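Take a look at the structure below.
In the working numbering, the protein residues as written are 455 to 691.
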């Protein structure tokens with residue numbers, strides 16, 4: 455497994471390199487945002503550890519670029535944030551990060567999180583593989599979901615989604631009218647071992663709505679106050 459560390463602090467670089475290699479990972483190091491993005495395209499790592507405060511271009515922008523590129527958009531990303539920077543955590547999740555850790559962090563905990571995220575990615579791949587034996591296309595009005603091709607279109611225009619956004623949409627669209635709690639969606643999409651909060655679901659739903667229906671629009675994903683969400687199809691579709 456190949457881990458790409460994008461971090462400008464030499465001490466942290468070497469600490470991570472030593473411990474990751476000791477645990478059997480191949481390690482690639484980049485010390486600025488531009489090099490980190492280029493190296494991600496070149497090396498196609500299995501997972502990226504991305505510090506937010508890096509020179510060149512910051513980690514949030516690098517995360518955004520990785521998620522917008524067809525080749526790299528499904529590479530899992532763990533963001534590294536300064537302690538107490540809640541806004542950075544939220545922005546990272548909105549841009550498609552899979553998890554985050556705060557400095558100072560325990561190397562043992564970080565490696566455990568890497569393993570958990572990689573297991574989730576493997577489960578995600580199995581999830582998409584199993585979907586080939588199920589209904590391959592879901593359509594409601596101008597919304598088209600092609601499960602086989604992992605594509606979503608609105609008015610025939612392709613919309614770029616992260617894997618987690620796609621899974622959220624697919625699960626809800628396959629169960630129109632059914633109310634799904636935040637806890638259920640968190641377990642279904644991120645897995646029982648995910649250490650995050652249900653706020654993660656809210657962030658990704660907000661991102662989905664914005665990409666599919668624009669700012670300040672719920673679209674077909676309706677909020678059930680105090681409970682969660684449901685996929686609601688307009689009566690004339």
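Where a beta carbon is used, it is the ideal one built from N, C-alpha and C, also for glycine. Since this is a predicted model, take the numbers as computed values, not measurements.
Nearest in C-alpha terms to residue 488, of all of 507, 605, 473, 480, is 507. If one requires a minimum length of 3 residues, the beta strand (DSSP E) runs lying completely within the region 488–527 are 501–505, in chain order. For residue 625, the uninterrupted alpha helix (DSSP H) segment begins and ends at 617–627. Boundaries cannot be given for residue 462, as no beta strand (DSSP E) includes it and DSSP labels it neither H nor E. Using a Cβ distance threshold of 7 Å, residue 592 and residue 599 count as a contacting pair. Per DSSP, residue 662 lies in no beta strand (DSSP E) segment; the continuous alpha helix (DSSP H) that holds it begins and ends at 653–667. The beta carbons of residue 500 and residue 455 sit about 5 Å from each other, so the pair counts as a contact at 8 Å.
In the DSSP annotation of this structure, the continuous segment of the alpha helix (DSSP H) that includes residue 642 starts and ends at 636–644. Here DSSP, grouped into helix, strand and coil, assigns residue 671 to coil. Excluding its 5 nearest sequence neighbours in each direction, residue 630 has C-beta neighbours in its own chain below 6 Å: 685, 687, listed in chain order.
Residue 473 and residue 560 have their C-alpha atoms spaced approximately 11 Å apart. Residue pairing for residue 683: DSSP places it in a beta bridge opposite 634, 677. Of all alpha-carbon atoms in 545, 660, 495, 509, the one lying nearest the alpha-carbon of residue 523 is that of 495. The three-state secondary structure of residue 551, taken from DSSP, is coil.
Within the same chain, Cβ atoms closer than 8 Å to the Cβ of residue 526 are found at 494, 495, 498, 520, the five residues on either side in sequence being excluded. Of the other Cβ atoms in all chains shown, fewer than 16 fall within 10 Å of the Cβ of residue 563; this residue is therefore exposed. The beta carbon of residue 485 lies closer than 6 Å to those of 462 in the same chain, with the five residues before and after it left out. One Cα belongs to residue 466, the other to residue 604, and the distance between them is close to 37 Å.
In this structure, the straight-line span from the alpha carbon of residue 557 to that of residue 671 is close to 36 Å.
For residue 601, no beta strand (DSSP E) encloses it, and the DSSP letter there is neither H nor E. A residue is called buried when at least 16 other Cβ atoms come within 10 angstroms of its Cβ; residue 530 meets this threshold and is buried.
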